[in-house]
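In my numbering, the protein residues as written are 375 to 535.
For each residue, glycine too, the CB sits at the ideal point set by N, CA and C.
The structure appears right after this line, and notes come after that.
Next comes the structure, spelled out in structure tokens:
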């Protein structure tokens, strides 16, 4: 997808997530199968099943449906803060929309995704392909910071996107 189109989509998603965080909840389950993009690029999130029960600053131990979107801190501590996990998931989605691939899964067979994803997410920063321009590359890197307290906040995301 072209960078301008992805920026429009991510900006809409950021506005939605900011509103949900403002209301005191975390989304947690942001991924390509729960974010719908219409033909006119309007964004809808289809799954709020976790958001009703999780505060945005709550430490969460449950696992959303898509393990490959869990932030690295879950694998280190067994939990994560909902708002920080939402930022991580938006970074994953941004990368996926721009490249067509998940940043940590590569071309490994599906049976190996858990181990491969975990090993890569915890061992090294994301590698953004060189064909992605500097601004979106920096955006992705700041959302996919391995240390959750160093990730962009929702406001920083909106200022950068």
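Endpoints, the alpha helix (DSSP H) within which residue i is located
{"i": "residue 461", "result": "456-473"}
{"i": "residue 380", "result": "377-396"}
{"i": "residue 451", "result": "446-451"}
{"i": "residue 512", "result": "508-517"}
{"i": "residue 498", "result": "Counting along the chain, residue 498 falls outside any alpha helix (DSSP H), and DSSP gives it neither H nor E."}
Minimum C-alpha distance to residue i - residue among the options
{"i": "residue 466", "options": "414, 454, 399, 479", "result": "479"}
{"i": "residue 504", "options": "529, 472, 532", "result": "472"}
{"i": "residue 391", "options": "417, 510, 413", "result": "417"}
{"i": "residue 381", "options": "402, 411, 399", "result": "411"}
{"i": "residue 376", "options": "520, 534, 470", "result": "470"}
{"i": "residue 441", "options": "474, 383, 388, 407", "result": "407"}
{"i": "residue 405", "options": "501, 516, 387", "result": "387"}
{"i": "residue 497", "options": "509, 520, 516, 384", "result": "520"}
{"i": "residue 409", "options": "508, 384, 510", "result": "384"}
Residue i versus residue j: straight-line alpha-carbon distance, rounded
{"i": "residue 522", "j": "residue 459", "result": "8 angstroms"}
{"i": "residue 446", "j": "residue 378", "result": "28 angstroms"}
{"i": "residue 518", "j": "residue 415", "result": "24 angstroms"}
{"i": "residue 528", "j": "residue 403", "result": "16 angstroms"}
{"i": "residue 431", "j": "residue 443", "result": "18 angstroms"}
{"i": "residue 533", "j": "residue 436", "result": "31 angstroms"}
{"i": "residue 499", "j": "residue 476", "result": "14 angstroms"}
{"i": "residue 396", "j": "residue 502", "result": "31 angstroms"}
{"i": "residue 509", "j": "residue 531", "result": "12 angstroms"}
Whole-number beta carbon distance between residue j and residue i, since they are thought to touch under 8 angstroms
{"i": "residue 456", "j": "residue 434", "result": "5 angstroms"}
{"i": "residue 526", "j": "residue 461", "result": "6 angstroms"}
Cβ neighbour criterion (16 or more within 10 Å) applied to residue i
{"i": "residue 454", "result": "buried"}
{"i": "residue 318", "result": "No statement about residue 318 is possible, as the shown extent of the chain runs from 375 to 535 and does not include it."}
{"i": "residue 463", "result": "buried"}
{"i": "residue 451", "result": "exposed"}
{"i": "residue 448", "result": "buried"}
{"i": "residue 468", "result": "buried"}
heavy atom of the ligand NAD below 7 angstroms from residue i C-beta
{"i": "residue 514", "result": "In the structure on display, the ligand NAD does not appear, and there are no ligands present to speak of."}
Bounding residues of the beta strand (DSSP E) (the contiguous stretch that carries residue i)
{"i": "residue 418", "result": "417-419"}
{"i": "residue 411", "result": "409-411"}
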